[in-house]
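Heads up, the thing below is written out as structure tokens.
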Amino acid sequence: MLCPPSTTRSPIDLFLDKLPATIIQEIIGSDCDSLQRRRSLVTKGEEALRILKARKAVLAKKESPITRAGLVVDYLCRQGQNDGSTCYLRTSIPATVLLHALNIKGKKHVEQMQAMVSSHLEASSQKNSTQPTHKRKWNSYDHPAPDSRNISSNGPTASFPSTDLIRDLSIRLGPMIPNAELAASYAHQVFRALISYSNHSAFTGGPDSKHRHMLMSDVSRNVKYYEAACFFLAVQKIEGSTHPTSKRATKTNPSKISAKPSSTMEESDADNSYEQVDTDEDVTLHEMDIIKAANLREGMFNEVIECVKSYIQDIDVSLSTCKPDNLVSSLPEGSSANAPMASKKQPVNEKYEKWKHDVLEKAKVAARRMLQNERSVITSDFDDKELLQAAADEIFRKIGQLS
């Protein structure tokens, strides 16, 4: 077990020793920079502990230094890097592993403490922040439904930092979505409309200005969660319009579909035979796919989904308004956005091709650096196929599909 030399070991260091070797490898890697990554994580963790102490944060009635250190490590891992640098890597500690390391049985209790740690640390990192550091006090049940006349995807929006999460999710989870470009375009419009709604009356007043102001504040603190929720609901919208009798409607487990006996498949009708050929239709996107891909907290993500659902039903955005101008989409001008499956066969535009080329080039650069570190070689003589395969394996490893 790699451990930085120190006379007095910090709680962060002691907690890392309690994690399985496989989890440690996901956090700091196994190359020559792994020791430096661990030191970086310990340093950042100690600073986070000082912030919590200065803010007099109380996470539970009885909490040990190891418990607080574990929650800090979990938070920092979710905020880590994805570029293979000497900083600790971005990943997520599985809930079962975290519960065992913290010696806590209640998952809900841990999620509450995770939310408090996140609230304190994020509030301290924001400049000119005036928001209280408590858990959100509102949900989809304690605020009125928005007036659709006041919501528009073209209205003024607040200045929120872009995380590019919607674009990243459309790339990572593209094989599981009927039309990833259309879903991302729709998600972007819904997210902009949500911001426009929260910004419309937060400063101009009105009967629901308080709730709009609270929504705007919550979105500004948790942009990543709201973007992910908009993308997930956009995928549901597209799946519903494309497949009225989709797998989601029948609540069929995708894992059971692949295990269906061949004799049963042979007896299915022509429509089911078509679904056999197109493997994209046999895969349904679930909440956990988003959570793993974006390294989100399950409890908080589900809460944000319910919040966005209460607004999205009245937001004036339709699939027909999602055009290539809103995102680098493969839909040609003049085609129907309500036919996403047909758009797959249309030629992609130049803007999309340039974007795809840039993404692949960045992936190859990161993969080349990763392979050089893993194999301890200076040469960069790797072919494109090997680099792209390494990049894909790294992505799937981080979302838990590869060991």
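Each residue of the sequence shown is one higher than the one before, starting from 10 at the first, in the working numbering. Beta carbons: idealized from backbone N, C-alpha and C, even for Gly. Note that this is a predicted model, so its numbers are computed, not measured.
What three-state label does DSSP hand residue i in the structure shown?
i, result
"LEU98", "strand"
"GLY89", "coil"
"GLY38", "coil"
"PRO20", "helix"
"ASP188", "Just to set this straight, residue 188 is Asn in the shown sequence, not Asp. Residue state, collapsed to three classes: coil."
"THR293", "coil"
"GLY115", "coil"
"LEU9", "With the chain covering only 10 through 412, there is no way to say anything about residue 9."
"ALA401", "helix"
"ALA193", "helix"
"VAL67", "coil"
"ASN208", "helix"
"ASN382", "helix"
Terminal residues of the continuous alpha helix (DSSP H) containing residue i?
i, result
"ALA60", "What sits at residue 60 in the sequence shown is Ile, not Ala. 43-63 is the span of the alpha helix (DSSP H), which, as asked, contains ILE60."
"PHE391", "First-last for PHE391: undefined, no H or E at that position."
"GLU72", "Note, GLU72: premise wrong, no alpha helix (DSSP H); not H, not E."
"SER109", "As written in the sequence, residue 109 is His, which differs from the Ser given in the question. 104-111 is the span of the alpha helix (DSSP H), which, as asked, contains HIS109."
"ARG176", "174-181"
"SER319", "307-321"
"MET297", "296-303"
Whole angstroms are fine: how far does the CA of residue j sit from the CA of residue i?
i, j, result
"ILE102", "LEU191", "32 Å"
"ALA189", "GLU72", "44 Å"
"ILE300", "ARG306", "7 Å"
"TYR320", "HIS366", "36 Å"
"ILE36", "ASP26", "13 Å"
"LYS363", "ASN112", "50 Å"
"PRO67", "GLU248", "Here the sequence assigns Val to residue 67, which means Pro is not the residue at that position. Roughly 43 Å between the two C-alpha positions."
"ILE186", "THR293", "7 Å"
"ARG18", "ALA237", "38 Å"
"GLU296", "CYS41", "36 Å"
"TYR97", "SER39", "11 Å"
"ASN208", "LYS394", "47 Å"
"ALA243", "TYR195", "6 Å"
"ILE32", "LEU23", "15 Å"
"LEU396", "LYS373", "5 Å"
"VAL317", "SER49", "36 Å"
"ARG384", "ILE204", "47 Å"
"GLU403", "LEU380", "11 Å"
"LYS70", "GLU131", "22 Å"
"LEU179", "ALA30", "The sequence shown places Ser at residue 179, not Leu. In a straight line, the C-alpha of SER179 is about 31 Å away from that of ALA30."
"HIS127", "ALA400", "A quick correction: the sequence has Ser, not His, at residue 127. The alpha-carbon atoms of SER127 and ALA400 are separated by roughly 30 Å."
"SER226", "TYR234", "13 Å"
"LEU85", "LEU28", "15 Å"
"PRO184", "ARG176", "14 Å"
"PRO20", "ASP392", "44 Å"
"ALA202", "ARG77", "38 Å"
"LEU80", "GLN45", "21 Å"
"LEU224", "ASN382", "44 Å"
"GLU56", "GLN123", "17 Å"
"ARG87", "VAL232", "14 Å"
Kindly examine the ligand ZN and report whether one of its heavy atoms sits closer than 8 Å to the Cβ of residue i.
i, result
"VAL126", "With respect to small molecules bound, the structure shown includes none, and the ligand ZN cannot be examined in it."
Determine the burial state of residue i: buried for a count of at least 16 other Cβ atoms within 10 Å of its Cβ, exposed for fewer.
i, result
"VAL313", "buried"
"ALA376", "buried"
"ASP83", "buried"
"GLN322", "exposed"
"ARG59", "exposed"
"GLU370", "exposed"
"THR52", "exposed"
"GLN398", "exposed"
"SER412", "Caution is warranted here: a pLDDT of 44 is assigned to SER412, below 50, making its placement in the model unreliable, and the coordinate value is therefore given only provisionally. Flag for SER412 reads exposed."
"THR100", "buried"
"GLY115", "exposed"
"LYS246", "buried"
"THR105", "exposed"
"PHE310", "buried"
"PHE405", "exposed"
"LEU228", "A small fix is needed here, since residue 228 is Val in this sequence, not Leu. Buried, since its Cβ has 16 or more Cβ neighbours within 10 Å."
"VAL199", "buried"
"VAL119", "buried"
Chain C beta carbons: is any one of them nearer than 9 Å to that of residue i?
i, result
"THR17", "Note that chain C does not occur in the displayed structure, where there is just one protein chain."
My assumption, with CB atoms under 8 Å, is that residue i sits in contact with residue j. Please give the rounded CB distance.
i, j, result
"ALA303", "LEU174", "6 Å"
"HIS129", "ARG64", "5 Å"
"ARG221", "TYR206", "7 Å"
"PHE240", "ALA193", "7 Å"
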